[in-house]
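> So the sequence shown is numbered by our numbering: it starts at 1 and just counts up by one. Pasting a structure here, questions to come.
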Amino acid sequence: MRLRCLPVWVWVVFYLVTAMFFVFPEIDLVVSRHFFSPGVGFGTNGTRFERLIHNSVVFLLVSGNLGLIALLLFRRYASRFRIGFTAKELVFLLLLLALGPGLIVNVLLKENWGRARPVDLVQFGGSKEYTAAFMPSDQGGRSFSSGHAAASAYWIVAALLLTPRRYSILSVAVAYSLIVSGMRMAAGGHFLSDILASYLIMGIVALALYEIIYPRGYSAH
Numbered sequence: 001m002r003l004r005c006l007p008v009w010v011w012v013v014f015y016l017v018t019a020m021f022f023v024f025p026e027i028d029l030v031v032s033r034h035f036f037s038p039g040v041g042f043g044t045n046g047t048r049f050e051r052l053i054h055n056s057v058v059f060l061l062v063s064g065n066l067g068l069i070a071l072l073l074f075r076r077y078a079s080r081f082r083i084g085f086t087a088k089e090l091v092f093l094l095l096l097l098a099l100g101p102g103l104i105v106n107v108l109l110k111e112n113w114g115r116a117r118p119v120d121l122v123q124f125g126g127s128k129e130y131t132a133a134f135m136p137s138d139q140g141g142r143s144f145s146s147g148h149a150a151a152s153a154y155w156i157v158a159a160l161l162l163t164p165r166r167y168s169i170l171s172v173a174v175a176y177s178l179i180v181s182g183m184r185m186a187a188g189g190h191f192l193s194d195i196l197a198s199y200l201i202m203g204i205v206a207l208a209l210y211e212i213i214y215p216r217g218y219s220a221h
């Protein structure tokens, strides 16, 4: 990926976020404590609404992308209908999904980083030790980074790509992603830094893919 071609501000944001958690590693614990009650734990964990939001992520990824594929086929065989969606957009989104939430977050990071989830920490009634953000751990956890945050952020990118002038759709995508991320923290499944790391990863991968797939000056619509 042509990472060196990305805007400078992307790397500025990345380094500022990582530096903040290196200098103030206790931020994650402070935020997680707001969702924890002694004797109760993370009260949101396992509730009907939390499970609904949790399960909605995979459901929307599968049904939403199957819908996009069906839409593209419909456009191909019913050319009299004007649908502002091409194979290039579909390739971009499927590659983003495979590389971002798929390869980088769920395979490379979650399976190998080892950071324990908040719900499993000694500080919150568990047995595992806390590891500062962006530091590999030997705790055998799968907290870093958040697959659900990355998957929900996918729809923000999709809205920006497919409906750049429909701010209502973008607003729904942003709101949904924030709800998903908030519920993961409230349930003790992830730290704030896990969420932000996934957003950063998705942003960097999306911008890098855009540099590769779309020529300079290209307009999707």
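Note that the Cβ used here is the ideal one computed from N, Cα and C, for glycine as well.
Between Gly43, Gly64, Ile212 and Leu103, which lies nearest to glycine 147 when the distance is taken from Cα to Cα?
Measuring from the Cα of glycine 147, the nearest candidate turns out to be Leu103.
> Mapping the DSSP letters down to three states, classify methionine 1 as helix, strand or coil.
Note on methionine 1: pLDDT 42, under 50, position unreliable in the model; no value is reported.
> Our contact map puts phenylalanine 21 next to alanine 186 with C-beta atoms below 8 Å; I'd like the distance itself, whole angstroms only.
Wrong, their Cβ atoms sit about 20 Å apart, outside the cutoff.
> Using 8 Å as the threshold, is the C-beta distance between isoleucine 156 and alanine 173 below it?
Yes, the pair counts as a contact, with Cβ atoms nearer than the cut-off.
> With phenylalanine 92 and leucine 178 assumed to form a contact (beta carbons below 8 Å), what rounded beta-carbon distance in angstroms separates them?
Contact doesn't hold; Cβ gap of about 23 Å is too wide.
> Helix, strand or coil, according to DSSP, for valine 108 in the structure here?
Going by the sequence as given, residue 108 is leucine instead of valine. In the structure shown, leucine 108 sits in a helix (DSSP, three-state: H, G or I).
> Using three-state DSSP, classify alanine 24 as helix, strand or coil.
Correcting the residue identity first, residue 24 is phenylalanine in this sequence and not alanine. Here phenylalanine 24 sits in coil by DSSP.
> Tyrosine 176 and glycine 100 look like a contact to me (Cβ under 8 Å); what is the Cβ gap, rounded to whole Å?
16 Å between Cβ atoms; not a contact.
> What does a CB cutoff of less than 6 Å around alanine 159 pick up in its chain, not counting 5 residues either side in sequence?
Contacts found: Ile169, Leu170 and Ala173.
> In whole angstroms, give me the CA-to-CA distance for glutamate 111 and glutamine 139.
Spanning the two alpha carbons is a distance of roughly 12 Å.
> Serine 37 bridges to which residues according to DSSP?
Serine 37 is bridged to Gly41.
> Could you tell me the alpha carbon to alpha carbon distance between tryptophan 9 and glycine 203, rounded to whole angstroms?
Taking the straight line joining both Cα atoms gives about 12 Å.
> Check this for me: beta carbons of leucine 6 and leucine 200, under 8 Å apart or not?
Cβ atoms of leucine 6 and leucine 200: not closer than 8 Å.
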